[in-house]
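Engineer: When you line the sequence shown up against our numbering, it's residues 24 to 178, in that order.
Glycine residues also receive a C-beta, built at the ideal position from the N, C-alpha and C atoms.
Keep in mind the model is a prediction, meaning the values are calculated, not measured.
I'd like to ask you about the structure that follows.
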Amino acid sequence: MEIRRESLVRVTSEADLTERESNLIEQARIAADNAYAPYSEFHVGTALKLSDGEIVLGNNQENAAYPSGLCAERVAIFAAKANHPNKSIDEVMIVVKTDKALKQGFTPPCGSCLQVLWDVQNRQNSPIKIHVQSPDKTLYSVDNVNQFLPFGFEL
Ligand code: THU
Numbered sequence: 024m025e026i027r028r029e030s031l032v033r034v035t036s037e038a039d040l041t042e043r044e045s046n047l048i049e050q051a052r053i054a055a056d057n058a059y060a061p062y063s064e065f066h067v068g069t070a071l072k073l074s075d076g077e078i079v080l081g082n083n084q085e086n087a088a089y090p091s092g093l094c095a096e097r098v099a100i101f102a103a104k105a106n107h108p109n110k111s112i113d114e115v116m117i118v119v120k121t122d123k124a125l126k127q128g129f130t131p132p133c134g135s136c137l138q139v140l141w142d143v144q145n146r147q148n149s150p151i152k153i154h155v156q157s158p159d160k161t162l163y164s165v166d167n168v169n170q171f172l173p174f175g176f177e178l
């Protein structure tokens, strides 16, 4: 016996973005510009859309003691849950700014951020859409955290 789960990622070119997507990208780009990432030079911005339309921003915050830093996604998610505990997160827009060549063409959130998103999605019992804009402006989207993390950890 085996358990199989497939992922579906939609790929949209810059010319085909919706106005909603473009607006969220604009916010996430502002966040990326404010990232503190002198060590990796990998600037990430995140714009979260909450259930009432409010936008919460986050960016990666590095530290001279490297492991003390945090990814853009978790900065934004924890800020949202700290300040708006009763609102759900509907959509996550991530913008990556780097001169590095990306091996997969785009960078999905890291495993730790996906686990946090997976847990939030379970708690709020409604799907969280995730979009990642790569440096070449192509948008990679999934309709549910499970598409990037099919087997999250749950107690
Ligand atoms: N980073 C993020 O902000 N989000 C991710 O999903 C992966 C990585 C940050 C952490 C670090 O500051 C830099 O990118 C390089 O790993």
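Return yes when at least one heavy atom of the ligand THU lies under 7 Å from the C-beta of S30, else no.
Structural biologist: In the sequence shown, counting from the first residue as 1, residue 30 sits at position 7. Result no, Cβ not under 7 Å from the ligand THU.
Engineer: In whole angstroms, give me the CA-to-CA distance for N109 and K120.
Structural biologist: Taking the sequence shown and counting its residues from 1, the one referred to as residue 109 is at position 86. Taking the sequence shown and counting its residues from 1, the one referred to as residue 120 is at position 97. The straight-line gap from Cα to Cα measures roughly 32 Å.
Engineer: So does the stretch 65-74 actually touch the stretch 28-41, counting three or more Cβ pairs closer than 8 Å?
Structural biologist: No: fewer than three Cβ pairs fall under 8 Å.
Engineer: A87: beta carbon under 7 Å from a heavy atom of the ligand THU?
Structural biologist: In the sequence shown, the residue the question calls residue 87 occupies position 64. No, the beta carbon of A87 sits no closer than 7 Å to any heavy atom of the ligand THU.
Engineer: Using CA coordinates, which residue listed in N106, P158 and P150 is at the minimum distance from P131?
Structural biologist: Locating residue 131 in the sequence shown gives position 108, counting from the first residue. When only C-alpha atoms are compared, the closest one is P158.
Engineer: Hey, is the stretch 81-101 in contact with the stretch 33-40, meaning 3+ C-beta pairs nearer than 8 Å?
Structural biologist: They do not touch, by the three-pair rule.
Engineer: Looking at the ligand THU, does it come within less than 7 Å of A95, judged from the CB to the closest heavy atom?
Structural biologist: Within the sequence shown, the letter at position 72 stands for residue 95. Yes, the beta carbon of A95 sits closer than 7 Å to at least one heavy atom of the ligand THU.
Engineer: Any beta carbon from chain D within less than 8 Å of E29's own beta carbon?
Structural biologist: The chain labelled as chain D is not found in the depicted structure, where only one protein chain is given.
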